[in-house]
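With the numbering used here applied, the sequence shown corresponds to residues 1 to 179, in that order.
Here a beta-carbon is modelled for each residue, glycine too, at the ideal position from N, C-alpha and C.
Have a look at the structure below, then the notes.
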Amino acid sequence: MICGIDEAGRGCLAGSLFVCGVVCEDLILDKIENLTDSKKLTRIKRDNIYNIAMKLEIKHFVVSFNANKIDLNGISKCMRNALIKIKSNLFANKYIFDGNTNFKVNGIECLVKGDNLIKQISLASIIAKSLKDKESDELDKIYPQYKLAKNKGYGTKEHIELIKIHSLSQIHRKSFNIR
Numbered sequence: 001m002i003c004g005i006d007e008a009g010r011g012c013l014a015g016s017l018f019v020c021g022v023v024c025e026d027l028i029l030d031k032i033e034n035l036t037d038s039k040k041l042t043r044i045k046r047d048n049i050y051n052i053a054m055k056l057e058i059k060h061f062v063v064s065f066n067a068n069k070i071d072l073n074g075i076s077k078c079m080r081n082a083l084i085k086i087k088s089n090l091f092a093n094k095y096i097f098d099g100n101t102n103f104k105v106n107g108i109e110c111l112v113k114g115d116n117l118i119k120q121i122s123l124a125s126i127i128a129k130s131l132k133d134k135e136s137d138e139l140d141k142i143y144p145q146y147k148l149a150k151n152k153g154y155g156t157k158e159h160i161e162l163i164k165i166h167s168l169s170q171i172h173r174k175s176f177n178i179r
């Protein structure tokens, strides 16, 4: 059994990092249409797949770190801790992370573009991204001046300009270089 792992929000300037692991038989995942890299799907399709996965009770585990934890520990340590937590909470024969580094966690294999190749990673990317988007929508209600529902916390030109106007909030990662 494979545990596919992916993240959403690692490169954001605001909001949390979400890391998800998914353990599921291919036969079950074959029933889900449009299962691919979350970045290739519309928000509606991602949320629909997320809801299907929750209804099917597909085994998954999500770890999140807010901006304060990321500033305190660094993004790499947060990623490492997330991978360790996922590995200790989901049983699998093989753990595969979408990316080119396993953050020095033994037993985690890396696969660049894995979210296009392995269904468990695809679903992990969709779950993580759906949770990140939902968080951004909620944060946008509290901090509308940053337009987080639109930029999802990423360092878009507009978001950086809004930070320059309004300064950093408590949900921004102060350890990230904002130019």
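Where does the unbroken alpha helix (DSSP H) through residue i begin, and where does it stop?
i, result
"E138", "119-142"
"A67", "67-73"
"D37", "Segment: none, D37 is in no alpha helix (DSSP H) and carries neither H nor E."
"I28", "26-29"
Going straight from the alpha carbon of residue i to that of residue j, what length do you get?
i, j, result
"A14", "A149", "11 Å"
"F61", "A82", "10 Å"
"D137", "K152", "8 Å"
"G21", "L29", "14 Å"
"Y95", "I165", "43 Å"
"D133", "D140", "10 Å"
"S88", "E109", "15 Å"
"L35", "K129", "13 Å"
"I160", "K147", "11 Å"
Can the beta-carbon of residue i be found less than 7 Å from the beta-carbon of residue j?
i, j, result
"S169", "D71", "no"
"G9", "A124", "no"
"F65", "L17", "yes"
"D37", "N116", "yes"
"I171", "A53", "no"
"R43", "I126", "no"
"V112", "N102", "no"
"I121", "D98", "yes"
Please classify residue i as buried or exposed, where buried requires at least 16 neighbouring CB atoms within 10 angstroms.
i, result
"V63", "buried"
"M79", "buried"
"Q145", "exposed"
"E7", "buried"
"I142", "exposed"
"E158", "exposed"
"S167", "exposed"
"I178", "exposed"
"G11", "exposed"
Quick check on this structure: which residue in the options has the alpha carbon closest to the alpha carbon of residue i?
i, options, result
"I2", "I118, S16, K141, N100", "I118"
"N48", "N93, L131, Y154", "L131"
"E25", "I58, L41, K69", "I58"
Taking 6 Å as the cut-off, does the CB of residue i come closer than this to any heavy atom belonging to the ligand GTP?
i, result
"S175", "For the structure depicted, the ligand GTP is absent and the ligand set is empty, with no information on it obtainable."
Can you give me the start and stop residues for the beta strand (DSSP E) that residue i sits inside?
i, result
"E7", "2-8"
"I108", "108-111"
"D98", "94-98"
"L17", "17-23"
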